[in-house]
Amino acid sequence: MRLPASELAQAIHLCRQSFQSAAIFSLFINLLMLFPSIYMMQVYDRVLGSSSTSTLLMLTLLAVVLFALLGALEWVRSQILIRVSARFDVLLNERLYRVLFRQSLVSGGKTSAQPLGDLLVLRQFLTGNGLFAFFDAPWLPVYIGLLFLFHYTFGLVAIVSAILLILLAIWNEKATHDDLEQANKVSVESSNITARNLRNAEVVHALGMLPDLMSRWKDKQQRLIMLQATASEKAGLIAALSKTYRLTIQSLVLGLGAWLAIDKQISPGLMIGGSILLGRALAPIDLMIGSWKQFLTARTAYERLNTLLAQFPPEAEHMPLPAPKGAIRVEQAVVAPPGSKVAVLKGLNFAIEPGTFVALIGASASGKSTLARALLGIWPTAGGAIRLDGADVAHLDRSTVGSHIGYLPQDVELFDGSIADNIARFGELDANKVVAAAQAAGVHDMILHLPQGYDTEIGSTGGALSAGQRQRVGLARALYGDPVLVILDEPNSNLDDQGEQALAVALSGLKQRGCTIIVITHRVGILGLVDRIMVLNEGLLVLDGPRDEVLAKLNQRPQQAAMPQAQGTQS
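Structure (structure tokens):
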């Protein structure tokens, strides 16, 4: 049974017409490559024999025209491959970008942009000289056949030389494959570790961790350099042998041709033409040996991308559903963090009606943040189901349902762009909605005092914004567009008294609007606004009910109370 082609193979197949066009141009290019030999034969056999300057002039003019045509065909072929590489990128970049985010979700954020680099490697290989060698190599039998027509000894030399160069190419593959593969792995690991360390530069600087981290990085870097140097030394030796042999054999064939010409077996023109034609025949093999490292790098990138895309097949398109109303139902949900086999949430079962304001409390590591991620479909359930208005959250179209949901994670991340862009979630900018969200979050006046107001550019770390300001901008982003479901994870962890008051006003506004609100908190100030309190303990729902009823039970069992005044940690 024939297996379905991979996505990369399908993308290449879609570009087949362009590759066929490049092959056709290669046909004419290689035909024109025969003319230097023909020109030399005509000069030696006809021009010198007849001393005809007019014949020499016509042959030279024809040579100039054909060489100009050859250059034009080479340029067109290169342009075709440049456009192939661009189309190849367009066919895959959006799919790959989505896969990176899916990989980040299931790995808990432990991912990198390396696959995008792999796509760049493939695109560069498609436009490099190495690929031209693969188009020209099939012409080797044609050149060898013509050399046999010149003289059978020329053909035999060409066959032996081609075999030797192919053996060198195989040796190059065997000698460098393992070292380059290990070097690529070490390079990816080193880049990922460095990126994670740079994201924690403040901690590294404050705790004096840089020398130790740099020492570990240097160990990997030295291993990378040694692997690359070893592979380059082997490849350089083989490339030098290949080039030396090709130049030597061209000269020896010239000597062989001279001996045959003296013996009157061939003409002087065939002597020169045979040497030129042999060099042309062996050039693609020599070029392949020289660009073998690029080929291996591209092949490794191809294999990595194939594996990644196979792990994350395209998501099925779902029929658009009506806008949600905010009803949540959790049915025996079991949830484990990505990469972990230990369940954090153990068979939770509850329902939240639209417009309910719920406080989710519990000790650190009780599973609160895990539940928030599961309710949003960020982390999948290992068992049971979580539904929003009856639909499994894992099967919802995020591009449509996302506009009806507000989410403020415990660690607020802002993105490169203006404050207005961040609040509007980088969608179409509606100034009225942006200002309304900022006012609802109590951050409008603060934004107006910034140098460029809503147009102030910030980076992923928030630029000049304090932690509290970032959290309030993140809250405005969560409230943008009047969502029907809002989940806030420790929304007041970095707020001062003014920020706390603004948060309380924002939550009151959401409650009056009938929005379903779930707030994870360790502070008692918000509890006066909620309708219902849910208490988690070690992944189990130990208390759930109206606010006053649950608070009374907690007061009766102070040893199990889960509402310390201090700020909580990630759970």
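Mind the numbering: the sequence shown is residues 837 to 1407 in the working numbering, read in order. Backbone N, C-alpha and C fix where the C-beta goes; we use that ideal spot for every residue, glycine too. As the structure is a computational prediction, the values presented were derived from the model and not from experiment.
Assigned with DSSP and collapsed to three states, proline 1150 falls in coil, not helix or strand. The residue among Gln1288, Lys1177, Gln1130, Ile1323 with its C-alpha nearest the C-alpha of isoleucine 1214 is Ile1323.
In this structure, the CA atom of lysine 1177 is about 21 Å from the CA atom of leucine 1212. Look at arginine 1368 here: in three-state DSSP terms it is strand.
Residue environment for glutamine 1058: exposed (fewer than 16 other C-beta atoms within 10 angstroms of its C-beta).
Counting the other Cβ atoms within 10 Å of the Cβ of isoleucine 918 gives fewer than 16, which makes it exposed.
Residue burial is scored here from C-beta neighbours: arginine 1349 has fewer than 16 other C-beta atoms within 10 angstroms and is therefore classed as exposed. In its chain, beyond the 5 residues on either side, Leu1265, Val1270, Tyr1290, Asp1291 have a beta carbon closer than 7 Å to the beta carbon of alanine 1256. Where valine 1194 is concerned, the enclosing beta strand (DSSP E) starts and stops at 1193-1198. For methionine 1370, the closest alpha carbon among the candidates Lys1010, Phe1186, Leu941 is that of Phe1186. A straight line joining the alpha-carbon of proline 1245 with that of glutamate 1326 spans about 8 Å. If you look at glutamate 1069, you'll find it in the alpha helix (DSSP H) that goes 1046-1098. By alpha-carbon distance to leucine 985, the top candidate from Val1366, Leu1118, Leu1114, Ala845 is Leu1114. Classified as buried, histidine 1358 has 16 or more neighbouring CB atoms from the shown chains inside 10 Å of its CB.
Short of 6 Å from the beta carbon of aspartate 1233, and not among the five residues preceding or following it, lie these beta carbons of its own chain, in chain order: His1154. Of the other Cβ atoms in all chains shown, 16 or more fall within 10 Å of the Cβ of serine 1078; this residue is therefore buried.
Rounded to the nearest angstrom, the Cβ distance from alanine 1277 to leucine 1311 is 4 Å, consistent with a contact under 8 Å. For the set Val1366, Gln853, Glu1249, Pro1120, the Cα lying nearest the Cα of phenylalanine 971 is the one of Pro1120.
In this chain, the alpha helix (DSSP H) harbouring aspartate 1384 covers 1383-1392. In the structure shown, leucine 1331 adopts coil according to DSSP, grouped into three states. Counting only runs of 4 or more residues that sit fully inside the stretch 984-1036, the alpha helix (DSSP H) segments are 988-1035, in chain order.
By the neighbour-count criterion, in which a residue is buried when 16 or more other Cβ atoms sit within 10 angstroms of its Cβ, isoleucine 1108 is buried. In the DSSP assignment, phenylalanine 1186 falls within the beta strand (DSSP E) that extends over 1181-1188.
Taking C-beta separations shorter than 7 Å and ignoring five residues to either side along the sequence, the partners of glutamate 1017 in its chain run Thr1136, following chain order. Non-local C-beta neighbours of serine 854 in its own chain, meaning closer than 6 Å and more than five positions away in sequence, comprise Ile916, Val920, ordered along the chain. By the 16-neighbour rule on beta-carbons within 10 angstroms, histidine 1280 is buried. Counting along the chain, the unbroken beta strand (DSSP E) around valine 1166 starts and ends at 1164-1171. Between isoleucine 1188 and isoleucine 1164, the beta carbon gap of about 4 Å places them in contact (Cβ cut-off 8 Å).
If the five residues before and after aspartate 1225 are omitted, its C-beta is found closer than 7 Å to the C-beta atoms of Pro1160, Lys1161, Ala1163, all from its own chain and listed in chain order.
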